[in-house]
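Q: Numbering-wise (this note's numbering), the sequence shown opens with residue 35 and increments by one.
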Amino acid sequence: MMTIFTCADSFEGILCGVYDAWMSGLGHENVCLELADTGNLRLFAEYRQAEEDPKKAAKVTGAIRKKAGQEVYERVYRASLSCEEQKADRIYRFLVCALRIGPEVVNMLQLPAVYELFRMNRFVANEALHMIEFVRFSRTDGGILFGTVEPRNDVITLMAPHFADRLNAENWIIYDERRRSAVIHRAMGEWIAAELPDDSFREKLMESSDQKEFEDLWRTYHKHIAIAERTNPRCQMSHLPLRFRPHMTEFQEGRA
35 MMTIFTCADS
45 FEGILCGVYD
55 AWMSGLGHEN
65 VCLELADTGN
75 LRLFAEYRQA
85 EEDPKKAAKV
95 TGAIRKKAGQ
105 EVYERVYRAS
115 LSCEEQKADR
125 IYRFLVCALR
135 IGPEVVNMLQ
145 LPAVYELFRM
155 NRFVANEALH
165 MIEFVRFSRT
175 DGGILFGTVE
185 PRNDVITLMA
195 PHFADRLNAE
205 NWIIYDERRR
215 SAVIHRAMGE
225 WIAAELPDDS
235 FREKLMESSD
245 QKEFEDLWRT
255 YHKHIAIAER
265 TNPRCQMSHL
275 PLRFRPHMTE
285 FQEGRA
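1) Pairs of beta-carbons, one from the segment 101-109 and one from the segment 75-85, closer than 8 Å: are there three or more?
2) Three Cβ pairs or more, each shorter than 8 Å: is that satisfied between the segment 130-139 and the segment 164-171?
3) Thinking C-alpha only, which one of Phe45, His62, Arg220 and Arg134 is nearest threonine 37?
4) Going along the chain, which residues of its own chain have a beta-carbon closer than 6 Å to the beta-carbon of tyrosine 255, five neighbours each way excluded?
5) Less than 8 Å between the beta carbons of leucine 151 and phenylalanine 128, yes or no?
6) Going by the CB atoms, is the gap between glutamate 119 and threonine 174 shorter than 8 Å?
7) Alpha carbon to alpha carbon, how far is isoleucine 208 from valine 183? Give it in angstroms, no decimals.
8) For methionine 193, count neighbouring C-beta atoms within 10 Å of its own C-beta (all shown protein chains included) and say buried if the count is 16 or more, exposed if not.
9) What does a CB cutoff of less than 8 Å around leucine 201 pick up in its chain, not counting 5 residues either side in sequence?
10) Buried or exposed: methionine 57, going by 16 or more other Cβ atoms within 10 Å of its Cβ?
11) Helix, strand or coil: how does DSSP classify cysteine 66 here?
12) What residues in its chain sit with their C-beta under 6 Å from that of alanine 132, if we drop five residues either side in the sequence?
13) Cα-Cα, which of Val65, Ser116 and Ile125 is closest to valine 94?
14) Our contact map puts isoleucine 190 next to valine 217 with C-beta atoms below 8 Å; I'd like the distance itself, whole angstroms only.
15) Bridge partners of histidine 219, per DSSP?
16) Assign glycine 17 to one of three DSSP states: helix, strand, or coil.
17) What does DSSP give as the partner residues of cysteine 41 in its beta bridges?
18) Using CA atoms only, rank isn't needed, just tell me which of Arg134, Val110, Lys121 and Pro231 is closest to arginine 213.
19) Mind checking which residues open and close the alpha helix (DSSP H) that includes glutamine 83?
20) Name the DSSP beta bridge partners of serine 114, please?
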């Protein structure tokens, strides 16, 4: 009978799930790791909840870095940000290979477990780059730069180092509307990630922002650089998909 370990949808939660599944002694072929609360229950399977424990996560982290190296650790972290429901088990299968083979595992794409992690990594990393290009900031009366995104994957922590470097002298917030989470940067300081209970803080910030002025500037720039005779909607769609546009100021034509 298959034993399914369920874990929280977080990096630490997945590592704790890996620890419990591995240490169960049931054998890798007899266990599976799933995210909790997916609603996908299997018949004839035993379910066990993997409780989050920083000590368990630290042990898995230490084993990855010691036996497989920093690059493998970073790939596992990025994969944990994926929106795919199967990511927990795919990370587990990859780590079974990585802890046996070592750092060179990243080049063994012929192994299904390695390829799946590579694919998730690429998807997450590419979306983070797209979001860095497309995020738009407004400045509040309090001087805070505020930007909203709605990515498929949980990529705002991958975006934060870029803006912490380039906007180091600014107070800024990037808000993930899909997950109600944010990265918050203090001028000349560090950035932190925060889970937010609701959208009330965003509404209060935007009530005192100059977003309308920023939107007007972006729309004016967008229109002036356009060449009507060369308009190609299909090409535009490939370079700037529709899902990125709701939070881009140059596309907020009807906004008051």
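Positions of the beta carbon are idealized from the N, C-alpha and C atoms, including for glycine.
A: On the basis of the data shown:
1) no
2) no
3) Along the sequence shown, read from residue 1 onward, the residue named residue 37 stands at position 3. For threonine 37, the nearest C-alpha among the options comes from His62.
4) To locate residue 255, count along the sequence shown from 1; it is residue 221. Annotation note: pLDDT 48 at tyrosine 255 (below 50); position unreliable, no value reported.
5) As a position in the sequence shown, residue 151 is number 117, starting the count at 1. As a position in the sequence shown, residue 128 is number 94, starting the count at 1. In this structure, phenylalanine 128 lies closer than 8 Å to leucine 151 by Cβ.
6) Position 140 of the sequence shown holds residue 174. Position 85 of the sequence shown holds residue 119. Their beta carbons are not under 8 Å apart, which means threonine 174 does not touch glutamate 119 by this criterion.
7) Mapped onto the sequence shown, residue 183 falls at position 149. Mapped onto the sequence shown, residue 208 falls at position 174. When rounded, the distance between both Cα atoms is 7 Å.
8) Start at 1 with the first residue of the sequence shown, and residue 193 comes out as number 159. Buried.
9) For the purposes of this step, residue 201 is taken as residue 167 along the sequence shown, with counting starting at 1. Cβ within range, chain order: Leu179 and His219.
10) Sequence index remark: in the sequence shown, residue 57 carries index 23 (1-based). Looking at its Cβ environment, which holds fewer than 16 other Cβ atoms inside 10 Å, methionine 57 is exposed.
11) Here residue 66 is taken as the residue at index 32 of the sequence shown, counted from 1. In the structure shown, cysteine 66 sits in a strand (DSSP, three-state: E or B).
12) Taking the first residue of the sequence shown as position 1, residue 132 is located at position 98. Closer than 6 Å at the Cβ level, and outside the excluded window around alanine 132, lie Ala102, Val106 and Val139.
13) Position 60 of the sequence shown, counted from the first residue, corresponds to residue 94. Nearest C-alpha to valine 94: Ile125.
14) For the purposes of this step, residue 190 is identified with residue 156 of the sequence shown, where counting begins at 1. For the purposes of this step, residue 217 is identified with residue 183 of the sequence shown, where counting begins at 1. Their Cβ separation, rounded to whole angstroms, is 5 Å, which keeps isoleucine 190 and valine 217 in contact under 8 Å.
15) Here residue 219 corresponds to residue number 185 of the sequence shown, with the count starting at 1. In DSSP, histidine 219 forms a bridge with Trp206 and Trp225.
16) It is not possible to answer for residue 17, since the shown part of the chain is limited to 35 through 290.
17) Taking the first residue of the sequence shown as 1, we reach residue 41 at position 7. DSSP lists Leu69 as partners of cysteine 41.
18) Here residue 213 refers to the residue found at position 179 of the sequence shown. The shortest Cα separation from arginine 213 among Arg134, Val110, Lys121 and Pro231 belongs to Pro231.
19) Position 49 of the sequence shown, counting from 1, holds the residue named residue 83. From DSSP, glutamine 83 is part of no alpha helix (DSSP H) but of the beta strand (DSSP E) over 79-83.
20) The count along the sequence shown starts at 1 and reaches residue 114 at position 80. Per DSSP, none; premise fails for serine 114.
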